[in-house]
Every structure is written in structure tokens, then in C-alpha cells.
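To keep things clear, I will list the structure first and then write my remarks on it.
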Amino acid sequence: MEEILRQIELFDSTMEGLENGEIRVAEKTEDGWVVNPEVKQVILSGFRLGRLTEMPGGFLDKDTYPVRKFTVEDGVRIVPGGSSVRRGAFLAPSVVMMPPAYVNVGAYVDEGTMIDSHALVGSCAQIGKHVHLSAASQIGGVLEPVGALPVIIEDNVFIGGNCGIYEGTIVRENAVIGTGVIINASTAIYDATTGEWIRRNENGQMVVPEGAVVVAGSRPVTKGPGAEAGIHLYCPVIVKYRDSKTDSSTSLEDLLR
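If you count by this note's numbering, then the sequence shown holds residues 674 to 930, one letter each, in order.
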């Protein structure tokens, strides 16, 4: 019993630290982004420690993971219409959530970010400052394995509607991800400005370069019946790097925040 109480105390203090931004699942260091597996372990322990219960609105979940409540003093705008933030997620002041949207446990969303309608910030995802997650964009989450880096969206990134960023992808600062682009660790990105392919790095992560403008493209199958039939496979393509024209079309309106 004593050990259970100790685990509950650790879990509660970790949730508090995550919610006020003092603890993060992943942090940027001089050597790049690193994951804090011990924090993930504590998050996972909440599912074991909790009991299934009925929550307001008719939802059924572990009682260790209720929906977060905010006050005016938090400086977060959550527009009415079905959005929710799970316990253990951090939303900085000036974050805006349009309905319906969802932020899962362990996620970190920094100041000035807009989470648009039907957008998802998955478990442990790290979202930087002044990011725009357009309608129906999906930022994948990861709790297991505990050593896996979550999806990282750095500062000033613009993500278009119906995008999907998965499998520990890192999107560097100022990048623009065009409507409908899917990025994961398995599908190489073609840089049309250099003629080079960007593939997962030695840590298994796909990294979108700083300032890259990525759109949905395709590449032809070069062997077998698929080539003979003229089949193409999906492929994200960097068409250019951010410039003044891109900035004008993706600029964020401070008045909305």
C-alpha cells in the first residue's frame, strides 16, 4: 500500500509539472531534441493506477486522466464547441483552440499557437511558439516505447489543413507544410531545390529542414508491373525555402490571439 501511495504521489506531482510547463516529455538541447523516458513512464503508470469511471458528458476513462479545467488567469482561449485538453498537457498563455480540437496527455503547446477545428495534438507532441495547426491537421502522439521521440513542431511553423505529421518527425523552425501533406519516418522527402532525397536520420527520425516549403507530390514506380502501368507513389516535395512571398501568405494575425 505504501508503494502505491508513493506512485500516486509521483504521478500527481508529475502531472502538475507537465500542466504548468515545468516538466516536459522532450526538450531541445545543444545536441538536439532528447526525450525524457522517465516522464513517459510516469504517464503510463497513470493508466495502471486509475480506475475506469464515468465522466461528465457520458465519457468513460481512467479517473487519473480527467479533462483539464482552465481559468481566465491561464490566458488560454478555448472556443465553445466540443474541444478538450486531457490532464497532463500544457497550453501556454495566448494559445487558441477552435472547436472541436483535442490535446492529449504529455503534449506541450507554446504561446501564440492556434489549434484549428478538428485538429489533434497527440500524446507527448511538442508544439513551438506561433505555430498554426490548420483545420483537420493531425500531429501524431507516442507513449510507447518510452524512449521514442514524439513529433516535434518548432517555432513559427505553418501546417496546412488535412496534414498528418507522424512517427517522431521533427519539423524545423519556419517550415511550411502545404495542405494535405503526410510526413512520417518511412516516406522520403524530395528536395526539388537540390535534387536530393531526405530520409530518416541515424536516430530513425525524419527531419524537415528549417524554412522548407513542403507540398504533396508523387514519384513514379521504376520497376515491375507498376512501372509498366505508369503507377506513381505519394511523395512530399520541398518546392522552395521560405521567402517574403511565403511569409505574406502564411502570416498569422495577432488580432486573433
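Ideal Cβ placement from N, Cα and C applies to all residues, glycine included.
Using only CA atoms, which one of Q878, I751 and A808 lies nearest to L822? Q878
List the residues that DSSP assigns as beta-bridge partners of H905. P893
Evaluate contact between the stretch 800-813 and the stretch 778-785, counting only Cβ atoms and requiring at least three cross-stretch pairs below 8 Å. yes
So which of G868, E840 and V815 has the shortest CA-CA distance to I856? E840
Buried versus exposed call for F720 [16 or more other C-beta atoms within 10 Å across all chains shown]: exposed
Starting from G690, trace the alpha helix (DSSP H) both ways and give me its first and last residue. E675 to E692
Would you kindly work out how many angstroms separate the C-alpha atoms of C797 and A762, rounded to a whole number? 8 Å
Bridge partners for K802 per DSSP, in chain order? Per DSSP, none; premise fails for K802.
Pull up the distance between the alpha-carbon of G705 and that of V844, whole angstroms please. 12 Å
Shortest alpha-carbon distance to V815 belongs to which of L793, K742, M688 and G903? L793
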